[in-house]
Amino acid sequence: MAPTPLERGVAVPAEWIHLPALQRFICARPERAEFRGGRRSYHPTPWALDVQSHLRSLRLPLPPSESLLVDLDEQGEVIAACHSGYDSDGDVLLVFAIGVRPDHQGAGLAMNLLSQVIGSVGPGRPDLVARIDVRNARSQRLFAGAGFEDTGARSGDDLALWARSSSDPLG
Numbered sequence: 002m003a004p005t006p007l008e009r010g011v012a013v014p015a016e017w018i019h020l021p022a023l024q025r026f027i028c029a030r031p032e033r034a035e036f037r038g039g040r041r042s043y044h045p046t047p048w049a050l051d052v053q054s055h056l057r058s059l060r061l062p063l064p065p066s067e068s069l070l071v072d073l074d075e076q077g078e079v080i081a082a083c084h085s086g087y088d089s090d091g092d093v094l095l096v097f098a099i100g101v102r103p104d105h106q107g108a109g110l111a112m113n114l115l116s117q118v119i120g121s122v123g124p125g126r127p128d129l130v131a132r133i134d135v136r137n138a139r140s141q142r143l144f145a146g147a148g149f150e151d152t153g154a155r156s157g158d159d160l161a162l163w164a165r166s167s168s169d170p171l172g
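Each residue of the sequence shown is one higher than the last, beginning at 2 in the working numbering.
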């Protein structure tokens, strides 16, 4: 059952019944890349398209080491989602992807999801990390507001590693 408007911002763990709505989930505007000049594609926010593709491609149920939280509208459509999971040693909780439908962006849903993920990790537990596209200022502000810091580490695909100690209070 979808949360009522008064319960908005309280995400639920995704179940198999949410899969069709997840596969329709849109967090990138426009929804698809344009093809310009043969095989070359263009999108103004390719990181949002990557997150959308990642979330749509998930298959439920997830492995026990992973979690997918979804926030649903009154019709049961996904309006926000966050995929996270522990590394193979259980030492680090990775935030793989977080996305909000464009017509709900700016309403605090991403911070609510991230806060729920952070709250699921108790003191003395694994630290949290996220890889954020260096061009994605909105996600950088979100994660900074939740107590994450840019470590300065970069990968070849323009992703910055952001980290947060699990013992830090929420931003």
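Positions of the beta carbon are idealized from the N, C-alpha and C atoms, including for glycine.
Taking ASP128 as the centre and dropping the five residues before and after it, the same chain places the C-beta of VAL93, ALA164, ARG165, SER166 and SER167 closer than 7 Å to its C-beta, in chain order. The DSSP assignment places complete alpha helix (DSSP H) segments of no fewer than 4 residues inside the region 95 to 172 at 110 to 120 and 138 to 146, in order along the chain. As a beta-bridge residue in DSSP terms, LEU69 pairs with HIS84.
For GLU35, DSSP records a beta bridge to TYR43.
Straight-line measurement puts the Cα of ALA49 at about 15 Å from the Cα of ARG25. PRO62 is bridged by DSSP to nothing; it lacks a bridge partner.
Comparing C-alpha distances from GLN106 to each of ALA29, THR152, VAL13 and TRP17 shows the shortest one belongs to ALA29.
Sixteen is the threshold: when 16 or more other Cβ atoms of the shown chains lie within 10 Å of the Cβ of SER85, as they do, the residue is buried. The three-state reading of DSSP puts VAL93 in strand, counting E and B together.
Setting aside the 5 residues that flank it on each side, LEU56 is surrounded in the same chain by LEU23, PHE26, ALA82, HIS84, ALA98 and GLY100, each with a C-beta closer than 7 Å to its C-beta; the list follows chain order. DSSP places VAL11 in the coil class of the three-state scheme, outside both helix and strand. The region 32 to 46 and the region 69 to 82 do not touch, with fewer than 3 CB-CB distances between them shorter than 8 Å.
Selection ILE18, ASP158 and PRO64 evaluated against SER89 yields PRO64 as nearest (Cα-Cα).
Residue pairing for VAL79: DSSP places it in a beta bridge opposite LEU73. By the criterion of a C-beta distance shorter than 7 Å, GLY91 is surrounded in its chain by PRO127, once the five residues flanking it on both sides are discounted. Only exposed fits ARG33, as fewer than 16 other CB atoms lie within 10 angstroms of its CB. If you draw a straight line from the Cα of SER156 to the Cα of GLU75, it comes to about 40 Å.
Here PRO21 has no same chain residue with a Cβ atom under 6 Å from its own Cβ, once five neighbours each way along the sequence are excluded.
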